[in-house]
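If you count by numbering that gives the first Met the number 0, then the sequence shown holds residues 0 to 337, one letter each, in order. C-beta atoms are modelled at their ideal positions from N, C-alpha and C, and glycine is treated no differently. Each remark here refers to the structure printed beneath this line.
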Amino acid sequence: MKDQLNSLRASTVALTEQTFDLKTLSDSRIRILGRKGELTSVLRGLKDLPIEERSAVGKLANQIKADLESLFDTREAYLRDELERTQLALESIDITMPGRRLPLGRSHILNRVTQELVDVFSGLGFQLAEGPEVEIDYYNFEALNMPKNHPARDMQDTFYFSENVLLRTHTSPVQIRTMEKCKPPVKVICPGKVYRRDADVTHSPMFMQIEGLWVDKRVSFSDLKGVLTAFAREYFGDRLALRFRPSFFPFTEPSAEVDIQCVICGGSGCRTCSFTGWLEILGSGMVDPTLYKFVNYDPDIYSGFAFGLGIERVAMLKYGIPDIRLFYENDVRFLSQF
Ligand code: FA5
């Protein structure tokens, strides 16, 4: 029995030395020291020993049990230390590594251009006004002198919610809404999104405009030319030519469109300017006195001008962007250039 006990100790020493994970170690501990373990089964033979040997063997058995327990404890402590060391090594941070760069967000180029335009017109004395994108037929067409079946409506087909509710096709309805609310003098700019059934390199189904409106006593066409020329010089500098071209809008009389020399081709003609050398940026004119009837202004006392400027067109000219669709494709490689 002494031999059995000594050999159990020897084999346990070898076993623990060759065990490298805590689970196997714990299983071995149960197999050897557990209630139904190998040591217990050896000790069961104790009662069959002659009485004079029992005490010595019993003592040895206790000693060996203590030895085995200490063997398992020491190995377990060692394995736990090892595990902790490996985990620490894995989790350690190399503070000499370069950090991961966080991409910096920025406002969309069109929002920035809008803000720049608002700043220029604020400097010319215009105040900010707003109107809804979902508009009623009355403000979008009717009160702008475009009754039902007016042919000018054809050029501004849009998305209808019902016969009378639509996505506004221009920012001009804000003219009427502002004049309804305020008595002259009014001098406002109204930036916002507008919608039309349009799509090519210079036309987008959703785009942005800034409406300008100045009504007061003795506002004349030369004020219109002065304000728009001042704006163009301030925003584009002197290098780009500007021209006023006679036009027609049902809500202004007389009317003019303003073109800026194409920056893409320098005026020689390209796909962006439809080979004309010019890009139209806005429509404008003297407010048609018919409109004053809708808002109770006296046309014998007041006169004014209005304009509607395409923000994408201005951004295209300012930054040499050849295709309007680039603004809305949300390609970060394009957007992060500005
Ligand atoms: C108008 O929208 C008039 N409301 C402008 C106006 C206001 C005239 C006040 C007189 C008085 P027009 O349809 O031409 O006009 O559009 C004005 C500008 O919006 C154009 O010069 C152009 O720069 C821009 N624009 C028009 N359609 C599109 C489109 N589909 N995509 C991008 N820009 C457009």
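Counting every other CB atom within 10 Å of its CB across the protein chains shown gives residue 162 a total below 16, marking it as exposed.
Counted as a single uninterrupted DSSP element, the beta strand (DSSP E) harbouring residue 190 occupies residues 185 to 194. Within the same chain, Cβ atoms closer than 7 Å to the Cβ of residue 218 are found at 302, 303 and 304, the five residues on either side in sequence being excluded.
Per DSSP, residue 142 lies in no beta strand (DSSP E) segment and is marked neither H nor E. For residue 82, the CB contacts under 8 Å within the same chain, skipping 5 residues up- and downstream, are 21 in chain order. For residue 252, the enclosing beta strand (DSSP E) has its first and last residue at 251 to 260. Rounded to whole angstroms, residue 18 and residue 59 show a C-alpha spacing of 26 Å. Under the DSSP assignment, residue 320 falls outside any beta strand (DSSP E); it carries neither an H nor an E label.
With respect to the C-alpha of residue 190, the residue from 236, 85, 94 and 309 having the closest C-alpha is 309. Distance from the C-beta of residue 282 to the nearest heavy atom of ligand 1 is below 7 Å.
Here DSSP, grouped into helix, strand and coil, assigns residue 238 to coil.
Between the stretch 233 to 252 and the stretch 131 to 151, the count of C-beta pairs closer than 8 Å reaches three or more; the two stretches touch. Closest in C-alpha terms to residue 254, from the list 223, 230, 237 and 240, comes 223. In this chain, residue 124 is not harboured by any alpha helix (DSSP H), its DSSP state being neither H nor E. If you check the C-beta of residue 307 against ligand 1, you find a heavy atom less than 7 Å away. Shortest Cα-Cα distance from residue 282 to any of 258, 319, 107 and 89 involves 258. Distances taken from the Cβ of residue 169 to the heavy atoms of ligand 1 include one shorter than 7 Å. Counting C-beta atoms within 10 angstroms of its own C-beta, residue 186 has 16 or more neighbours from the protein chains shown and is therefore classed as buried. Per the coordinates, the alpha-carbon of residue 69 lies some 30 Å from the alpha-carbon of residue 89.
Within the stretch 260 to 319, complete alpha helix (DSSP H) segments of at least 4 residues are found at 288 to 294 and 310 to 318, given in chain order. Within the same chain, Cβ atoms closer than 8 Å to the Cβ of residue 7 are found at 31, 37, 38, 41, 63 and 67, the five residues on either side in sequence being excluded.
Pairing residue 134 with residue 105 gives a Cβ-Cβ distance that is not under 8 Å.
For residue 130, no beta strand (DSSP E) segment is defined, and its DSSP state is neither H nor E. About 5 Å separates the beta carbons of residue 280 and residue 312, which is inside the 8 Å limit, making them a contact pair. For the pair of segments examined, the stretch 113 to 125 was found to touch the stretch 227 to 236: the number of CB pairs separated by less than 8 Å reaches three. The beta-carbon distance between residue 188 and residue 117, rounded to whole angstroms, is 6 Å. This is short enough to meet the 8 Å contact definition. Spanning the alpha carbons of residue 48 and residue 1 requires a straight line of approximately 11 Å.
When only Cα atoms are considered, residue 194 and residue 256 end up about 20 Å apart.
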